[in-house]
Amino acid sequence: MTSPSDAQHQGESFVQELRWVHGMIRRDLNAVQRLAAETLEGATSVDLRAEIDSLQTDGPLWKLRMNCLHYCSFVHGHHSLEDRALFPALLESNRKLRPVIDKLEADHRAVAVHLDEITAGVDELQQDGAPATRLRLVAALDTLAGHLLEHLDYEEEAISPTLRSWTR
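Take the sequence shown: its letter number 15 is residue 511 in our numbering, and every next letter is one higher.
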């Protein structure tokens, strides 16, 4: 039988895991934004290679730090998993979360549009590398950051109480 303190500890582990993944998303977004800004200032791929390589070896399990495409793919996958598995489970545990889940799903759709813009910008950058292309990529990353960081904070705050009630 699970004691209340065991259940609280197990639920807290869900919250900590969510924050850990979101922390990686935040760190990687910051690194990708900084690298994109450096390209806007004229840095070449040669200039950035060492930093990209250090990102690749500096991360935990996932190699999402390799480039924007990996980052975008990871965030898409993370949100897809939340939509398919986490959110239905949260609703099963707490029906009062319906408006929260609706907002989070709408956020995921909006973030997906921004991620797709970044992916297109990276593809375009590979083709021409023009300053205007670099500027669009930096702007797309900045727009993503504004939406994604707000979303991550809201999600953690809104669903953590229900996650804390879960037991494994």
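For every residue, glycine included, the Cβ atom is placed at its ideal position computed from N, Cα and C.
**Study point:** Sequence-distant residues of its chain with Cβ nearer than 6 Å to E534 (five each side left out)
**Key:** Answer for E534: no residue qualifies.
Exercise for review: On a CA-only basis, which of T639, D619 and L648 is nearest H566? Give me that one, please.
Suggested key: Taking each of T639, D619 and L648 in turn and checking the Cα distance to H566, the smallest one comes out for D619.
Review point. Could you check where the alpha helix (DSSP H) with V642 kicks off and where it finishes?
Key: Reading off the sequence shown, one finds Gly at residue 642, where the question assumed Val. Where G642 is concerned, the enclosing alpha helix (DSSP H) starts and stops at P627 to R660.
Practice item. Within the same chain, show all residues whose beta-carbon is closer than 7 Å to that of C568, passing over the 5 residues directly before and after it, in chain order. Key: Cβ neighbours of C568 beyond the five flanking positions: L611, I614 and T615.
Check your understanding: How about R660 and G519: do their beta carbons lie closer than 7 Å?
Key -> Not closer than 7 Å, so no.
Review point. Cα-Cα, which of L514, A626, V571 and P657 is closest to H604?
Key: If we check each option's Cα against that of H604, V571 comes out closest.
Check your understanding: Hey, V528 and L637 are a contact pair by Cβ (cut 8 Å); roughly how many whole angstroms apart?
Key -> Yes, V528 and L637 are in contact; Cβ-Cβ is about 6 Å, under 8 Å.
Check your understanding: Hey, would you say L586 sits closer than 7 Å to T658, going by beta carbons?
Key -> In this structure, T658 lies closer than 7 Å to L586 by Cβ.
Practice item. State the DSSP-derived secondary structure class of A608, mapped to helix, strand or coil. Key: Three-state result, A608: helix.
Review point. When we look at the beta-carbon of G617 and count the other beta-carbons within 10 Å, is it buried (16 or more) or exposed?
Key: By the 10 Å Cβ count, G617 comes out buried.
Review point. Taking the C-alpha atoms as reference points, what is the distance between R630 and E588?
Key: The alpha-carbon atoms of R630 and E588 are separated by roughly 45 Å.
Practice item. Determine the direct distance from the alpha carbon of T663 to that of D649, and round the result to whole angstroms. Key: One Cα belongs to D649, the other to T663, and the distance between them is close to 23 Å.
Check your understanding: Who are the Cβ neighbours of R523 in its own chain at under 7 Å, not counting the five residues just before and after it?
Key -> Within the same chain, R523 has no close Cβ partners at all.
Practice item. Spell out whether any CB of chain B is found under 7 Å from the CB atom of L586. Key: Among the chains in the structure shown there is no chain B, since it carries only a single protein chain.
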